[in-house]
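Worksheet: the structure to be examined is printed underneath.
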Amino acid sequence: MASNSKTFTFEEVAKHNHKKDCWIIVDGKVYDVTPFLDDHPGGDEALLSAAEKDATIDFEDVGHSDSAKEMMQNYYVGEVDLSTLPAKVKHSPPPPPTQGRVVRNESSGFVLKILQFLVPLLILGLAFALQYYGKQSKQAPHES
1 MASNSKTFTF EEVAKHNHKK DCWIIVDGKV YDVTPFLDDH PGGDEALLSA AEKDATIDFE
61 DVGHSDSAKE MMQNYYVGEV DLSTLPAKVK HSPPPPPTQG RVVRNESSGF VLKILQFLVP
121 LLILGLAFAL QYYGKQSKQA PHES
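Using UniProt numbering, read the sequence shown as starting at 1 and increasing by one per residue.
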């Protein structure tokens, strides 16, 4: 990367948003990925959908390899003026689980633990009972 890199506004970068001219923004840097569209392992749509926005989170979520990050340097064209980036849309977190659902999950877990404890005890008790009654029947005189 050149030390005297050009600085672009978000609006300038956003104009490069189609298959014949595609620029993306990752970590405040601008990349002209047009020549890479056909070679991108995720397909050109992944890059085209990253145009017209800050694609940093999308890029990081995919988990690109170090070699992919190094390859990006071939497409570097400059920096983006961060003050021109649109405000990020805040996604509301999913609503917390309702008490009813939590209680049901805890109670079913409790029942499962009780059953895991009681079932072996019942089987053991049944085995002892059969053994006891089996011995009793062998000891009792047979009347004919």
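We put the CB at the ideal spot given by N, CA and C, even for glycine.
Note that the structure is predicted; figures quoted are calculated from it, not measured.
Coil, strand or helix - residue i by DSSP
| i | result |
| --- | --- |
| Glu52 | coil |
| Thr9 | coil |
| Ser78 | Reading the sequence as shown, one finds Gly at residue 78 and not Ser. DSSP places Gly78 in strand when its eight states are reduced to three. |
| Tyr133 | helix |
| Val103 | For Val103, the predicted model reports a pLDDT of 47, less than 50, meaning its position is unreliable; a value from the coordinates is still stated below. Note: Val103 maps to helix in three-state DSSP. |
Start-to-end residues for the beta strand (DSSP E) that takes in residue i
| i | result |
| --- | --- |
| Asp21 | 21-26 |
| Lys29 | 29-32 |
Classification of residue i by the beta-carbon crowding that lies within 10 angstroms, buried from 16 upward
| i | result |
| --- | --- |
| Lys53 | buried |
| Leu47 | buried |
| Phe110 | exposed |
| residue 149 | Past the boundaries of the shown model lies residue 149; the chain is included only from 1 to 144, so the question cannot be answered. |
| Phe117 | exposed |
| Ile57 | exposed |
| Phe59 | buried |
| Phe128 | exposed |
| Ile24 | buried |
| Val62 | exposed |
| Val119 | exposed |
Contact belief for residue i with residue j at Cβ below 8 Å, rounded distance in angstroms
| i | j | result |
| --- | --- | --- |
| Val13 | Val26 | Not really, about 11 Å apart at Cβ, beyond 8 Å. |
| Thr34 | Asp81 | Not a contact, Cβ separation roughly 22 Å. |
| Asp21 | Tyr75 | About 13 Å separates the two Cβ atoms, so there is no contact after all. |
N-terminal and C-terminal residue of the alpha helix (DSSP H) that residue i is part of
| i | result |
| --- | --- |
| Asp66 | 66-72 |
| At least 3 beta-carbon pairs within less than 8 Å: the stretch 51-69 vs the stretch 7-24 | yes
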